[in-house]
Structure formats: C-alpha cells, structure tokens
Amino acid sequence: MRKKELFKHRLNSRKYLFNIFVLIVISLVCSCDLSQKEPDGIMFKAVIRDDNDFVTYNDTLSNNADLSKEILDEIQSFQKRGEKILVQENLDITLIFKIRYTSRISVYVVKSESQNEIVYRLIAFDNKTKLYSKTTPIINGKWMENNEAGFNPKYKLLRKPLISFSDIDGDDRNEILMKERVHNGSIYNAVICHYYSIDNFMNLKELICIESRYVCPFENCIVNRSFKNDTIISEIRDGKEKLRIIGKVKITFSDSVEMGRKFSYDEKYEDLLVTGSGISEELFLKEGYTFKY
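Just add 1067 to the spot in the sequence shown (first one is 1) and you have my numbering.
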C-alpha cells in the first residue's frame, strides 16, 4: 500500500513539474511575441526577400523574421519622435526590409512616414557585436512609391536592384548603394545613387551622390551615368543606336568627395556631365537633390 501511495505521489509531482514547465514556455513565447507587437496589433517583423533587395510596393509574399531587440528598440525610438512605421496592407506587419551585407552584418531599410512624407531609413547592424548605426540616413520615397505609380512609362527610371554593394573608393570595403527617385515637375526627373561608407562601429557616412539616370528635357533623351575607376561616365542613346559617351568627370576621395578634370565630347551636354538638377556640381556630389516638391 505504501509503495502504491509513493508511486502516486511521484506521479503527481512529475505532472506538477511538467505543468509548471509548460506554463513557463507559454509565458516566454507570449512575452517574445508581445515584445514585437504594438498595442494596436502591429507586428514588428523584418521582410526578407529572395533577391536581397527592398521594394516600394506592398510586399505580402516574402518571408518574415523577428527583429533583434537592439533594432526593435531603435525603430520604436523613431515612433517616439513622431514617425509612423508603415505596414503591409491587411497584414499589419511592418515594411522593414532586412538585407544581407555580409554573413554577420545586416542592413535594414525601414519604410516610414515622417512629416506626412514617405521615407526610407537605413540602419546597419552587426549581428555579433550588436552594434548598430546611431545616425540613420534617410531618402525621400515619395516619387518611388508603387514602382513610380502615376508616371508616364517613359519617365519610370528606376531599375533593380534598389540597394546593392560595391567598393568605389578602393578601401577594400563595400559601400552601400541606395537609389532615390527625384522629381520636380517637367524640370527635373532623375535617379540618384547614394553611396554610404560603413565602418566597424556600423557608422554610415554619405560618400558621394551620383545622378545615374536623368531625363534631358531639351533633347528628349535619357542621360545614363556609371562610376568606374574614379570616373563618372555619362552616356546617351540616340534613338535605337548604341550608347554614346558624351563626357567623363574624374573624382577623388579624401576627407570628402572632390571633382577633378572634366572631359566633354559633345558641347550640347558639357554642362550636364554631373547633374541636370541646376544646382552646383560640387554640392550635388556631396548632398544629392535636397529640394522637396
């Protein structure tokens, strides 16, 4: 009889311990879930796309992943400063894109609304050291929205990828290239490539702005620019003919970007070898097009 009672006691003790274990697990799961959920039901998640890029439309098909506590806290700090983090329609999941920079460093592109304007904010994060960008660059997303919705197909200038990586200053470390669509009526339509350097502490610094595509209003053509071997190369396509080089500009990097010699091969375009924005070439290379229309 005593053995029977002892067995029953042990069985009850094990059931009790198992129930306690289950309750602990449930509470941990719920706490993790609630840590990424706002009172209004918005889920703070990262969107991970197969093409390692971000998009300007409502992406409901890609995979979602949890955010690290450091990135979650930083993004929620934007909210406290008045930004509205945008979500996927009908899903209430944030449009925060996670991009792979290296095996240990991720770049987050956060789509939000600031002062009634759509913006994309950039954050670099070291998954090992947990360091992240304290200063987060912003680009204007107004004219990029929904794959440049509202523009005549002729003026849809963006080409994928919208974010990529390449070493343009020869320091053996890739810069982050992020594209921005800019617009000012019929006067100015272009794509600007913002190049950001990244250091070991995840600090981001704008290295140079290059106007990669520009609609030339007086010639009804598009000026295409590339950056190779410290040189901005400008080309146009005459009708269906091959691209023709119209000029080159040498660039040097020291404490800041500096413009060197210019080589013009077509006098019609000699003032358009850096930008058609109308602002000074030196200022454009450093800041891009800051006018908001």
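Even glycine gets a Cβ: it sits at the ideal position worked out from N, Cα and C.
With DSSP run on the structure shown, which of helix, strand or coil describes residue i?
i, result
"Ile1346", "coil"
"Phe1145", "helix"
"Leu1274", "strand"
"Phe1111", "coil"
"Asp1193", "strand"
"Lys1136", "helix"
"Lys1165", "strand"
"Lys1151", "strand"
"Leu1352", "helix"
"Glu1325", "strand"
"Glu1308", "coil"
"Tyr1187", "strand"
"Lys1223", "coil"
"Tyr1255", "strand"
Closest to residue i by CA distance: which of the options is it?
i, options, result
"Val1114", "Ala1132, Phe1232, Phe1320, Tyr1281", "Ala1132"
"Leu1134", "Asn1287, Asn1125, Val1176", "Val1176"
"Phe1164", "Asn1130, Thr1196, Gln1182, Glu1141", "Asn1130"
"Tyr1222", "Ser1253, Phe1232, Asp1126", "Ser1253"
"Cys1260", "Asp1266, Glu1337, Leu1339, Ile1299", "Ile1299"
"Glu1150", "Gln1182, Leu1189, Thr1127, Lys1195", "Gln1182"
"Asn1157", "Asp1120, Ile1109, Gln1146, Ile1166", "Ile1109"
"Asp1120", "Val1316, Pro1220, Ser1231", "Ser1231"
"Phe1358", "Arg1248, Asp1338, Leu1339, Glu1215", "Arg1248"
"Lys1315", "Asp1297, Arg1188, Tyr1255", "Asp1297"
"Phe1320", "Lys1246, Phe1268, Glu1273, Asp1266", "Glu1273"
"Asp1322", "Asp1140, Asp1236, Lys1309", "Asp1236"
Got a sec? Which residues, its chain only, sit under 8 Å from residue i by beta carbon, not counting five neighbours each side?
i, result
"Leu1352", "Ile1275, Cys1276, Ile1277, Ile1318, Val1324, Met1326, Val1341"
"Val1089", "Confidence at Val1089 is low in this model, with a pLDDT of 46, below 50, so its placement is unreliable and the value that follows should be read with caution. Excluding residues within five positions, none has a Cβ falling inside 8 Å."
"Asp1118", "Lys1227, Pro1228"
"Lys1112", "Gln1103, Asn1131, Ala1132, Asp1133, Leu1134, Ile1160, Thr1161, Ile1163"
Give me, in chain order, the residues of the same chain whose beta-carbon lies closer than 6 Å to that of residue i; leave out the 5 immediate sequence neighbours on both sides.
i, result
"Tyr1281", "Ala1257, Val1290, Gly1343"
"Ile1346", "none"
"Lys1197", "Glu1137"
"Arg1171", "Asn1194, Lys1195"
"Tyr1168", "Val1174"
"Asp1333", "Ile1313"
Could you spell out the range, first to last residue, of the beta strand (DSSP E) harbouring residue i?
i, result
"Asn1213", "No beta strand (DSSP E) holds Asn1213; the alpha helix (DSSP H) holding it covers 1212–1215."
"Thr1029", "With the chain running from 1068 to 1360 in the structure shown, residue 1029 is simply not present."
"Lys1387", "In the structure as shown, the chain starts at 1068 and stops at 1360, and residue 1387 therefore has no counterpart that could be examined."
"Met1269", "Note, Met1269: premise wrong, no beta strand (DSSP E); not H, not E."
"Tyr1175", "1172–1181"
"Phe1294", "1288–1295"
"Glu1302", "1298–1304"
"Arg1248", "1242–1251"
Distance check for residue j and residue i, CA to CA, integer angstroms please.
i, j, result
"Pro1284", "Lys1329", "22 Å"
"Ile1091", "Lys1136", "With a pLDDT of 48 at Ile1091, under the threshold of 50, the modelled position of that residue is not reliable, and no figure is offered here."
"Ser1331", "Glu1302", "11 Å"
"Ile1313", "Leu1224", "20 Å"
"Asn1213", "Thr1123", "5 Å"
"Ile1142", "Asp1238", "30 Å"
"Ile1138", "Phe1192", "8 Å"
"Ser1173", "Lys1227", "19 Å"
"Pro1204", "Leu1153", "17 Å"
"Asp1126", "Thr1202", "27 Å"
"Glu1180", "Met1211", "14 Å"
"Glu1286", "Tyr1336", "10 Å"
"Tyr1199", "Ser1264", "14 Å"
"Glu1348", "Ser1293", "16 Å"
"Asn1267", "Asn1251", "37 Å"
"Leu1339", "Lys1147", "42 Å"
"Leu1244", "Leu1271", "12 Å"
Considering only residues of the same chain and omitting the five flanking positions on each side of residue i, which have a CB-CB separation below 7 Å?
i, result
"Arg1311", "Glu1302, Ile1303, Asp1305"
"Glu1184", "Asn1207, Lys1209"
"Asp1234", "Arg1240, Asn1241, Glu1242"
"Glu1354", "Cys1276"
"Gln1155", "Asn1125, Asp1126, Thr1127, Leu1162"
Residue i: beta carbon under 7 Å from a heavy atom of the ligand MN?
i, result
"Lys1197", "Only the bare structure without any ligand can be found here, which leaves the ligand MN out of the picture."
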